[in-house]
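Quick note on numbering: the working numbering labels position 354 of the sequence shown as 363, and the sequence is numbered without any gaps. Glycine residues also receive a C-beta, built at the ideal position from the N, C-alpha and C atoms.
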Amino acid sequence: MFKGQSLYLKRLDDGIVELCFDRQGEAINKFDVRTIDELKAATVALRAAGDVTGVLVTSAKDAFIVGADIFEFTGLFKLPAAEIEAFNADQATAFTQLDDLPCPTVTAINGLALGGGFEMTLASDYRVIASTAQVGLPEVGLGLFPGYGGTVRLPRLIGAELTIDWISAGKPQPAAAALAAGAVDRIAEPTELRAAALDLLRNVIANDEWRARRTKRHGAFEANAETFAAVRARLTPSSKHLPAALAAVELLQQAAPCSRDEAARLEAQAFSKIAKTQAASSLVRIFINDQALKKKGKTEANLSRPIKRAAVLGAGIMGGGIAYTSAVRKTPVIMKDIAQKALDLGISEASNLLTRQVTTGRMDQSRADAVLASIKPQLDYNEFDTVDVLVEAVVENINVKRSVLREVEGVVRADTVLASNTSSLVIADMADVLQRPENMVGMHFFNPVHMMPLVEVIRGPKTSEVAASTIATYARAMGKTPIIVRDCPGFLVNRIFTPYAIGFLQLLRDGADFIKIDQALEAFGWPMGPAYLQDVIGIDTASHVFDTISNGYGARMQMDFKHALAVLAELGHFGQKTQRGFYRYEADAKGRLQKQLADDTKALLQPFVAAPREFSEIEMVERTMLPMIIEAARCLEEGVAETAAEIDTGLILGLGYPRHLGGPLQYADWLGLDHVVTRCEHYRDLGALYKPTARMIAMATANSSFY
Ligand code: NAD
């Protein structure tokens, strides 16, 4: 009857037709423009046939349909809102046409039905789901809400409250939850699914009940004003930067008394608005960047040496964390230190983390025991010839690291990759002392290792591609996102972070109030403002790190004034660890440190800064955010990371850069390079930190962008 590249129609018995999604040449079904066009054509063919008694909707892939093709969004979202609205309204007619077929329809949901995939099932009269399948609307994760009739059909099926929960949480719902909610009609074992769906279809063809169902879902739905008010109150605080969930609630409330077609019109209109938000643009970009990194990961995995066993040198804060994470993720590890006390501490930390997993029900005791047994603490180099990768995490001292690495090179195999978790030393300086410098890589974890998702893999001048790929693959095996970067002071994340910190220190120097700076940047979307962040990192550490990194970049990052971090460090105000930094810290009943205002910090800083003066919020934001954009652009130009995607991902995962901005380069694109350059010009008197690169200026003139 119809055969396209994404779906086909096939006649079964008794006038029943199967509409099967089976995207040619790919492992998954998704909704792109072509598939939507084919769905429209299929519904036209079904209607034209005149003798169709019922339609069975199926998928030939493991997942039912995974959703819309997100790669098509970037082009679409650049259009004016009115064009997006018209486009979306037109796309949604494919589902309306299915909804309006003159015969009953039943969908067999065999696997994951997400976003548009789930919305597709809602346009049929009945749904049978495999017990192993899931349905869900994950659009808020992309800064969006459903746009193929999901906001129209789901509340008319399961009610407003549950619909709001499902849309705002964005989580997939297991089959049983879908049945309990009334989103599906039956559950079947996967092997019985097709027969069960056909059985249901034959039954409904025999009676007219499906017509009443349809009438109901084409009308208004009941909306309780109190429910909406409560949800609004819950969602409002997070909606400033991520407005999609709240916008969906407003849409539902507005569309509740409407007919299906009017509600669909409102959905297209609201969707076009949400698609134009900064959050949607950034979150879609983050998704696409993530896909690009996964693709790179596959190439790296192909180049990687096999990793069956690892070793960590140093059982301190970082070494202990690395050993634990490796073991939990099923790479057994030898943990070596020179002090028994450190080994004992490392093992007891790992044991505490495992106990927490067991008590919260995330792991059973036997698995926890096995994980702990796979960490082998020792003081010697016994069995080091069995390890495929080794991570050095001893004290941050170049001489110690050089001697430790030279020694260990003598006891591991010739193909063992040696990685250093240094945070500020240059990889080349360590590789220099080795017989096989091609095996030496940087592997920069963030603290705490088991929580922080990013690992910078640093390629020294002599590092082989195999060594870098092996360490990237090891990081992935540990559940981390690795980014391969070139050797330079601060690597990628701390290098880009340093100009932000200098911007902050210069604001203080010029008389700004650190509390107001924190407030401005937290309102802008940072999880914590720069002063609070330094307290958490440790003022002594931060002061040392910024001085080291800024010395590596000459005049551009020089601070020719005594900065606040140095002042506080000299006073022994190291931040949270001494309970005194920019703020004071007091333990609450649960022992968690709570931030308090410190009365005397401003007075202590006063001799080193200008008289207090008011700065506008925008000035405080620009003076910290612009130098970061420039440094990120420099890193791209210098090839510190290969792509804008890696730079933005690194900053989001390594630093907590606000996701709704998408990373410094995506943020620059959102502002427009011409605007960025103009604002930099405005701050030119503040020095080289605010000087855009020649390429940025050329990009601004050419109206081009990083993505
Ligand atoms: P730490 O002081 O907690 O631990 C260092 C451990 O190394 C100690 O247990 C010490 O006994 C051991 N050690 C010293 N010499 C050794 C040797 N020859 N062989 C084996 N063990 C030896 O330090 P840390 O905070 O875990 O830092 C370790 C490394 O990680 C440093 O290079 C640091 O710059 C880097 N790093 C630290 C952080 C952080 O936030 N702490 C973040 C990223 C990277």
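By the C-beta criterion, the segment 245–252 is judged not to be in contact with the segment 135–148, since fewer than 3 inter-stretch pairs fall below 8 Å.
Distance between Glu405 and Val686, taken at the CA atoms: about 38 Å.
In this chain, the beta strand (DSSP E) harbouring Lys385 covers 384–387. Distances between the C-beta of Lys345 and the heavy atoms of the ligand NAD include at least one below 7 Å. Judged by DSSP in its simplified three-state form, Val396 adopts coil rather than helix or strand. Residue environment analysis places His684 among the exposed positions, since fewer than 16 neighbouring C-beta atoms fall within 10 angstroms of its C-beta.
Exposed is the label assigned to Ser375, since fewer than 16 other Cβ atoms lie within 10 Å of its Cβ.
Burial is judged here by how many other beta carbons sit within 10 angstroms of a residue's own beta carbon; Pro491 has at least 16 and is buried. The three-state reading of DSSP puts Tyr390 in coil, since its state is none of H, G, I, E or B.
Under the DSSP definition of a beta bridge, Thr490 partners with Leu463. Judged by DSSP secondary structure, Phe237 falls within the alpha helix (DSSP H) whose first and last residues are 234–244.
For Leu388, the closest of Asn361, Leu275, Arg411, Gly355 by C-alpha to C-alpha distance is Gly355. The shortest C-alpha to C-alpha distance from Met634 to any of Ala256, Asp519, Leu680, Phe230 is the one to Leu680.
Taking a contact as a CB-CB distance under 8 Å, the pair Ile167 and Gly191 counts as one, their CB atoms being some 5 Å apart. Between the alpha carbons of Gln528 and Ala377 lies a gap of roughly 42 Å. The DSSP assignment places complete beta strand (DSSP E) segments of no fewer than 3 residues inside the segment 181–208 at 195–197, in order along the chain. Residue pairing from DSSP places Lys345 in a beta bridge opposite Leu322, Gln387.
Residue state for Gly330 is assigned as helix, using DSSP reduced to three classes. One thing to note: Gly156 has its Cβ within 8 Å of the Cβ of Glu276. Note on Ile347: under 16 other CB atoms within 10 angstroms of its CB, so exposed under the neighbour-count rule. The three-state secondary structure of Phe104, taken from DSSP, is helix. For Tyr594, the beta-bridge partners assigned by DSSP are Lys604.
Glu631: member of the alpha helix (DSSP H) spanning 626–646, first to last residue. Shown here, Ala423 sits in coil according to DSSP, grouped into three states, outside any helix or strand. Residue range 682–691 is occupied by the alpha helix (DSSP H) that includes Cys689. The alpha carbon of Lys317 has as its nearest neighbour, out of Ser335, Gly330, Gly228, the alpha carbon of Ser335. Rounded to the nearest angstrom, the Cβ distance from Gly63 to Ile25 is 5 Å, consistent with a contact under 8 Å. Separation of Glu401 and Glu640 (C-alpha to C-alpha, rounded to the nearest whole angstrom) is 29 Å.
Sixteen is the threshold: when 16 or more other Cβ atoms of the shown chains lie within 10 Å of the Cβ of Ala573, as they do, the residue is buried. Under the three-state reduction of DSSP output, Leu121 falls in the coil class, being neither helix nor strand. Per the DSSP secondary-structure output, Tyr157 pairs with nothing in a beta bridge. Relative to the ligand NAD, the beta carbon of Met449 is positioned no closer than 7 Å to any heavy atom. If the five residues before and after Thr482 are omitted, its C-beta is found closer than 6 Å to the C-beta atoms of Glu309, Ala310, Ser313, all from its own chain and listed in chain order.
Nearest to Asp597 by C-alpha distance, out of Gly590, Gln605, Glu651, is Gln605.
Excluding sequence positions up to five before and after Ala184, its CB lies within less than 6 Å of the CB of Ile138, Ser140, Ala142, Ile196, all in the same chain and listed in chain order. Taking a C-beta distance under 8 Å as the contact criterion, Leu645 and Leu674 qualify as a contact pair.
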